[in-house]
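S.K.: Structure below; questions to follow.
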Amino acid sequence: MGEVKLFFGPNHPGMHGNFSVHMYVEGDIVVKARPMPGFLHRGFEKLMERRLWYQNVALIPRICVPEPDINEACYAMAIEKIARVEVPERAQWIRMIVLELARIANHLWSFGGIGGPTGMYTSMYWAVADRDRVLDIFEELSGARIYHMYIVPGGVRKDLPPKLEDKIYHLLDYLEAKIPEYETFILKNRILHTRLKGIAKIDTETCLKIGVTGIGLRATGVPYDIRKVDPYLFYDKVEFEVPTATEGDAYARISLKPKEIIQSIRIIRQCLEKMPSGPVNVKIGEGSGLRIRVPRGMAYVHVESTRGEYGYLVVSDGGEKPYRVAVRGASYPQGLYGVEHLLPGTRIDDVPIWLDSMGVCAPEIDR
Amino acid sequence: MMSSTNNIGLEEILSSLNQLFEGVSTEKVDPRQYKIITPPEKTIPVLEFLKEKGYSHLSILTCIDWIAEKKFELVYILFNWGTGVTFVVSTYVNRDNPIFYTVKHIWPTAEYYERDVHEFFGVKFEGNENCEKPLILELWNDLPPLRKDFDPLEYSKKHYPDREYQKDAIHEARIIRGDVRGEIDG
Amino acid sequence: MPEKSLFAPLIAWKNLFEKPVTIRVPNEKREASPRYRGFHVNDWNKCIGCGTCAKICPTDAIEMVEVPDMKQDYGMKPQRPVIDYGRCSFCAMCVDICTTGSLNMTREYIFVSPNPEDFRFAPTEKGFLKKEPSQIKLGWVRDENSDLLDLDRVWPEVLPAQERVTSFVEFVKAYSKEQAVAEAARCVECGICTDRCPQHMRIPEYIKAIWRDDLKDALKWLLKGLESENYLGANPLSSVCGRVCTHRCEEVCAISHRGEPIAIRWLKRYIVDSIPVEKWYETVVFERVPKGKKVAIVGSGPAGLSAAYFLATLGYEVDIYESLNRPGGVMRYGIPRYRLPDEALDRDIAFIESLGVRIYTGITVGKDIPFQKLREAYDAIFLSTGLVLGRSTKIPGSDHPDVVQALPLLREIRDFLRGDGPEPKIAKRVVVIGGGNVAMDIARSLARLQKMKYGEVNVTVTCLERTFDEMPADKEEIEEAMEEGVKIYPGWGPKEVIFYPDRDSIKGLKCVKCKEVFDENGRFNPKFDESEFCFYDGDMIVEAIGQAPDYSCLPEEWRSKLQFVGNRILTNNLRQTQIPWLFAGGDIVNGPDIIHGIADGYWAARGIDEYLRGTERP
Amino acid sequence: MSNRGNVKIDERTVWEKIADQLRSRSMWMLHYCTGCGAVELPPSMTSRFDLERFGIGPMATPRQADIFLITGYLSVKTLRRVIYTYEKMPDPKYVIGFGSCTINGGIYYDSYATINRLDYYIPVDLYIAGCMPRPEAIFEAFTKLMEMIRKGEANGWKRYKENYEWYKQNQLRSLGEVIIHDEFHE
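As structure tokens, then:
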């Protein structure tokens, strides 16, 4: 049998997002694979150097479309670290609520996304509709469904609107009742088992070697979670567990998502209880939003996104614009090195499952 | 998260860095983040040393263009999963002839980070044979775009025309307000 | 392990009995959330066209476009934002920074069109769907958390009233660098202040230079203005204006709509105080080509010094004739020292002199040197003699020696304080008549002298204007005077001076209630209610009800050729009088304050330049 | 390129008119997530908004698709594929510019990597304003597009044929060449 060259994506039913893998296949086995990123490249890092510190708040959510809030949080926290600004307590708790809601939304999103490559469309129809309920909360909170631009350097933009806490509680109750249904109806389903068990198996050593973080790593039995290891915000003041699995295959990764949602619900409940009243932001420096300056310095801030370590390196030369911002996309290692070295050996029809379950997210790789 | 033994470990690492490697300076960003500036010839030994000490996770390898100083600063961010401590290891290379050495034998993923840095800054990494292949950009024909002397707006204007609106929006607004009489198109 | 269960599918079946999740768009219309960032509305009546929205816009989507036939007003620019929805990212930063609150977002979110032209849009109060404002539901509006403006001014250190009244020390301290930078950071660079300033100083530019901590650049903006446009906006008396300017600019500051205006005056003072005057010359270099012509200036007040400065930079030889012993006019002899110390004025004058301007003091034109002599020796003459004569109320008893004019008294006080003259008579109880800044100056000066001499303040100010708001004096002057113990009673007209029956000394002032100051045409025409009157104790009465010009330096033959409006000389835009070689400015032409005088000096210099270059032509 | 102001006389035959009626009721939307706006498509297609009520569904291959939704910004790298894909789609085909970026560059107006106006390269029948537009706006656009098809106003595909040279020239100006390389660089 000869080798066939195959362009997998960007326009491909199995490809989520604008990403491409070029590969040679023999039969239906991938023998060589090369990632082809860059379709979503907008040059964020350059554009950020051209915009004022505050203006960038409008730009950065777009780096990771399904989970924009982590960008805002990283950027804001990095600036606060350089400027040595203490953010009011209430703002920190609100940020945690936002980040955990975003985590829920994105887990639901990718839980739905796995419906495509497995043919289990129920999960897509259920999870995406449930994600919309989270987006409704975001809309109430920040005024937009997708790009919230809500976490800003110094705190958050506005306080919670009235009655939103009740709505969040209501949503959490709903999800808590819904998640077991997902598990019985979807995770225990035969289709998913057949399509995911034993597929795209990776061991701990490989993960650590190439720098895979997040669920990909935790599905191999290692409880590494930045929220626990290097707690930011008030993650050290709330109780939650880091769910792990041992198999390291696609099924293990997918099955961790509902478990993480349950933990996020736990965290949000604690945040809502512990959150004091008070101010929700402080000024970075003096003056109007046009003239924010951040002192000279450099700081790296990373958070635990749904796909792993998401980080911002922010460099300031003391001016009115960032001197340099570098973004560490969470799926950079698996999306590039992983695709090249771990994909060969997989069958073509498992390639989308590989990419989906590893959380390869094109916009954060391309930036 | 940090136990006291880890704290001691951190101090030991910082002091042995200074002892073992000449010219290395450390700076505290916050209790769990340190910046280490190394001379170029010491960078890779320092990185290997730190990896051995548990700083085994390479979060990112990136570059900063200090155009006024005519230097590129290469930044390696290392993370310790055990202690939660981050080291920002950096070194400076000459901006006119930017060449450094690959670390892909230490961290395989670095291969792609190095390609990225080469593409956006033009820094070459010796030992990484793929480093000059285009990765994100396609058919790029200008300065590496993240260099400070590259102006994206100018490039955009030259290559991608803007829309030139014909409409007199203010006139339309005055009609809407009832300040002047007239018809609105649409 | 997968479970084969007969019952598991029942979970799905139960959804049959629940409300469908599907929203039946477009039959079902869902309203966006109360904070939704939808299309904009902009209240044109509230909007001042400051353009701050365009500056914060991260997408460069907002363009400020001039509106034809819009009413021109101070504090407003005739332009309104036009938004390109092919750019807008709906971040609402424009709303959060809007200086007036005119720009808001609605909950409207649907707009599709096959024509791309439709996406360029100037929002009005009727919004995107051209609804009546009452029918539009607002979405994102600014609140105190999302506000991007800094509304609170950075206050310099000010001596408390109890302390400042004991001496003539300048009581407003200079900004520290941190304070100045912080205050400068509040500016949004709209330039409405520049439009308002009579001299059109480049305020946003020098404030930005302060913010960048580039004081040399800031000083250049102060002393050179727009270099490419004949130094428009330069102010040679920056040390003076940085202290005592009437700051019309701050009244119109865009920030003042919602907060405290930028302290433009104090920032200006910060610049000039931070650079020693010896360094000014090397920072601000003028390339002067000598023109070989001479100009005489009569009077060294603001207008005279300003004209001298600009003429000198243009290369003319300038001589100033001042009848008093020191140059500066009202700045030297009128404004009290606690507001304007001599050192500040000396700095400005020293810089002007360093440009080659000669100042002859103690020479009264028309007395010590005939006007005709000047006419013969110089190519042009600039007249800026100011208002030097006081006005009297002419009420019964006002011819008593203890009823004095404010201006001469202020002059005596300043001379006394600098050791140039004897101590003026300081009464234990003083009544001041007048509600303007001169009245406040003399009241506060006397209060200080009383405090220093007798240990207590007893100054009463009375004026025709019925409220503090109506009084022409600056609000802060009134407040500070009252803090210092001056009693102010507006709404009373002086009727007569009351004397002790037994001796020739003043007992006080009798006043009657003032019903109206201006008549329906807005002319000064006070009406009194004689039945209501009051009496203020005082050993001395100071009249501070206005000043008049003195044209005695001008021979009758020339004076008769001039045209007057009231007692002011009529000139053209370039301050040229009916006599081509005679220019005039300052209080005898426009008034009423220093910055207007400086503007007069500037325009006169340009006029003189034009005139003298014109005379060269055959 | 505006189709307003110069309303063409309806030149369609009766059969074409009937065909357009039928076309408008059954449209396949190409499944190609070109930009960030694609994130609002799954909610539109699944139970919350249920796009299938309109007879619109996703289609994997351009050969069978009718609607090409350009979801937001286009990097030049994607634009090459978009032109390829657009040309592969059978007539009649309709392009919807989704979000601000397609109209005038959006927030990426100064980016060196993204184009500013889509209709410079391929004809666009309809634009949706917003960043990003909500599912309701997508529905409004589809309703409008259906109406335009019925009236014979969605003629972008004809314009592409008529002005093919102009479009090609623009594409070349911005892209250099419309080619697709593989990542093996062989």
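Protein chains in written order, with the working numbering: chain A, 1 to 367; chain F, 1 to 186; chain C, 1 to 618; chain U, 1 to 186.
Glycine included, C-beta positions come from ideal geometry on N, C-alpha and C.
1. To be precise: take each residue of the region 160–176 of chain U, compare its Cβ to all Cβ atoms of chain F, and keep it if any distance is under 7 Å. Which residues remain?
2. What are the boundary residues of the alpha helix (DSSP H) that GLU144(C) is part of?
3. Roughly how many whole angstroms lie between the Cα atoms of ARG339(C) and GLU170(C)?
4. Quick one, which residues of the region 69–99 of chain C are near chain A if we go by CB-CB under 8 Å, in chain order?
5. If the criterion is Cβ atoms closer than 7 Å, does the pair PRO302(C) and ILE541(C) meet it?
6. Step through the CB atoms of chain A and report whether any lies within less than 7 Å of the CB of LYS55(C).
7. Check whether the region 114–125 of chain U and the region 69–78 of chain U are in contact - that is, three or more C-beta pairs closer than 8 Å.
8. Measuring only the C-alpha atoms, how far is PRO123(U) from LYS216(C)?
9. Helix or strand or just coil, what does DSSP make of CYS64(A)?
10. Measuring CA to CA, which of VAL298(C), GLU229(C), ILE48(C) and PRO68(C) is closest to ILE369(C)?
11. Which residues in chain U have a C-beta closer than 9 Å to the C-beta of GLY216(A)? List them in chain order.
12. Closer than 8 Å by C-beta to VAL284(C): which residues in its own chain qualify, once you throw out the five before and the five after it? Chain order, please.
13. Please report whether the beta-carbon of ARG4(U) lies at a distance below 7 Å from any beta-carbon of chain C.
14. Under 7 Å, Cβ to Cβ, is there at least one residue of chain C near SER75(U)?
15. Can you tell me whether DSSP reads MET275(A) as helix, strand or coil?
16. Would you list, in chain order, the members of the region 81–113 of chain U that have their beta-carbon closer than 7 Å to a beta-carbon of chain C?
17. Would DSSP call ARG358(C) helix, strand or coil?
18. Is any beta-carbon of chain F found at less than 7 Å from that of ASN116(U)?
19. Which runs of the alpha helix (DSSP H) at least 4 residues long sit entirely within the region 553–607 of chain C? Give them in chain order.
20. Along the region 107–133 of chain C, what residues have a CB closer than 8 Å to any CB found in chain F?
21. Could you tell me the distance, in whole angstroms, from the CA atom of LEU151(C) to the CA atom of LEU192(A)?
22. With a CB to CB cut of under 6 Å and the five nearest residues on each side skipped, what residues in its chain are close to SER100(U)?
23. Three or more C-beta pairs closer than 8 Å, one from the region 76–90 of chain A and one from the region 139–156 of chain U: is that the case here?
24. Could you name the residues of the same chain whose beta carbon sits closer than 6 Å to that of PRO37(A), not counting the 5 residues immediately before and after it, in chain order?
25. Excluding the 5 residues preceding and the 5 following THR102(F) in the sequence, name in chain order all residues of the same chain whose CB lies nearer than 8 Å to its CB.
26. Report yes or no: do the region 34–49 of chain C and the region 75–86 of chain C share at least 3 C-beta pairs separated by less than 8 Å?
27. Listed in chain order, which residues of the region 120–148 of chain U have Cβ atoms closer than 8 Å to some Cβ of chain F?
28. Just to confirm, is the Cβ distance from GLY318(A) to ARG296(A) under 7 Å?
29. Pick out the complete beta strand (DSSP E) segments inside the region 306–335 of chain C, 3 residues or longer, and give them in chain order.
30. Quick one: is THR246(A) buried, meaning 16 or more other Cβ sit within 10 Å of its Cβ, or exposed?
31. So, under 8 Å CB-CB, ALA521(C) and ALA548(C) are touching, yes? Tell me the CB distance rounded to an integer number of Å.
32. Which residue wins for smallest C-alpha separation from GLU140(A), given the options PRO555(C), ALA92(C), PRO34(C) and PRO198(C)?
33. Exposed or buried, which one is ASN94(F) when buried takes at least 16 other CB atoms within 10 Å?
34. Under the three-state reduction of DSSP, which class applies to TYR94(U): helix, strand or coil?
35. Secondary structure at GLU250(C), three-state DSSP: helix, strand or coil?
36. Quick test of the definition: if touching needs 3 or more C-beta pairs under 8 Å, does the region 128–138 of chain A touch the region 162–177 of chain A?
M.R.: So, from the listed chains and residues:
1. SER174 and GLY176
2. The residue given as residue 144(C) occupies position 144 in the third sequence. Per DSSP, GLU144(C) belongs to no alpha helix (DSSP H) and is neither H nor E.
3. Locating residue 339(C) in the third sequence gives position 339, where the first residue counts as 1. Locating residue 170(C) in the third sequence gives position 170, where the first residue counts as 1. About 6 Å.
4. For chain A, the residues of the region 69–99 of chain C that bring a beta carbon within less than 8 Å of one of its beta carbons are SER89, PHE90, CYS91, ALA92, MET93, ASP96 and ILE97, in chain order.
5. Reading the third sequence from its first residue, position 302 is the one you call residue 302(C). Reading the third sequence from its first residue, position 541 is the one you call residue 541(C). Cβ atoms of PRO302(C) and ILE541(C): not closer than 7 Å.
6. Position 55 of the third sequence, counting from 1, holds the residue named residue 55(C). Chain A, which has a Cβ nearer than 7 Å to the Cβ of LYS55(C), makes this yes.
7. yes
8. Here residue 123(U) refers to the residue found at position 123 when the fourth sequence is read from its first residue. Here residue 216(C) refers to the residue found at position 216 when the third sequence is read from its first residue. PRO123(U) and LYS216(C): Cα-Cα distance of roughly 54 Å.
9. Against the first sequence, residue 64(A) aligns to sequence position 64. In the structure shown, CYS64(A) sits in coil (DSSP, three-state: anything other than H, G, I, E or B).
10. By 1-based counting over the third sequence, the position of residue 369(C) is 369. The residue with the shortest Cα to Cα distance from ILE369(C) is VAL298(C).
11. Within the first sequence, numbered from 1, the residue matching residue 216(A) stands at position 216. None at all; the shortest Cβ gap to chain U is about 22 Å.
12. Here residue 284(C) refers to the residue found at position 284 of the third sequence. Shown here for VAL284(C): same chain residues with a beta carbon closer than 8 Å to its own, the five before and five after excluded, namely LEU219, LYS220, LEU223 and LYS224 in chain order.
13. Within the fourth sequence, the letter at position 4 stands for residue 4(U). Confidence is the limiting factor: at ARG4(U) the pLDDT is only 44, short of 50, which leaves the residue's position unreliable and the question unanswerable from this model.
14. Walking along the fourth sequence from the start, residue 75(U) turns up at place 75. For SER75(U), the answer is no, since every Cβ of chain C falls outside 7 Å of its Cβ.
15. Position 275 of the first sequence, counted from the first residue, corresponds to residue 275(A). DSSP places MET275(A) in coil when its eight states are reduced to three.
16. Answer set for the region 81–113 of chain U: SER100, ILE103, ASN104, GLY105, GLY106, ILE107 and TYR109.
17. The count along the third sequence starts at 1 and reaches residue 358(C) at position 358. Strand, per DSSP.
18. In the fourth sequence, residue 116(U) corresponds to position 116, counting from 1. At least one chain F Cβ lies under 7 Å of ASN116(U).
19. 556–559
20. SER113, ASN115, PRO116, GLU117, ASP118, ARG120, PHE121, ALA122, PRO123, THR124, GLU125, LYS126 and LYS130
21. What you label residue 151(C) is simply residue 151 of the third sequence in a count that begins at 1. What you label residue 192(A) is simply residue 192 of the first sequence in a count that begins at 1. Using only the alpha carbons, I get a separation of about 59 Å.
22. Here residue 100(U) refers to the residue found at position 100 when the fourth sequence is read from its first residue. Same-chain partners within the cutoff: GLY106 and CYS131.
23. no
24. Mapped onto the first sequence, residue 37(A) falls at position 37. Around PRO37(A): ILE365 and ASP366.
25. Taking the first residue of the second sequence as 1, we reach residue 102(F) at position 102. So the qualifying residues of the chain are ALA110, GLU111, GLU114, PHE125, GLU126, GLY127, ASN128 and CYS131.
26. yes
27. Of all residues in the region 120–148 of chain U, TYR120 have a Cβ within less than 8 Å of some Cβ in chain F.
28. Stepping through the first sequence from its first residue, residue 318(A) is reached at position 318. Stepping through the first sequence from its first residue, residue 296(A) is reached at position 296. It is a contact, given that the beta carbons lie within the stated cut-off.
29. 317–322
30. Position 246 of the first sequence, counting from 1, holds the residue named residue 246(A). Under the 10 Å beta carbon count, THR246(A) is surrounded by fewer than 16 other beta carbons and is classified as exposed.
31. Here residue 521(C) refers to the residue found at position 521 of the third sequence. Here residue 548(C) refers to the residue found at position 548 of the third sequence. Before going further, note that residue 521(C) is Asn rather than Ala in the sequence given. So it is not a contact: roughly 23 Å between Cβ atoms.
32. For the purposes of this step, residue 140(A) is taken as the residue at position 140 of the first sequence. Answer by Cα proximity: PRO34(C).
33. In the second sequence, counting from the first residue as 1, residue 94(F) sits at position 94. The residue in question, ASN94(F), is exposed, as its Cβ has fewer than 16 Cβ neighbours within 10 Å.
34. Here residue 94(U) refers to the residue found at position 94 of the fourth sequence. It is a strand residue.
35. Within the third sequence, the letter at position 250 stands for residue 250(C). Correct three-state label for GLU250(C): helix.
36. yes
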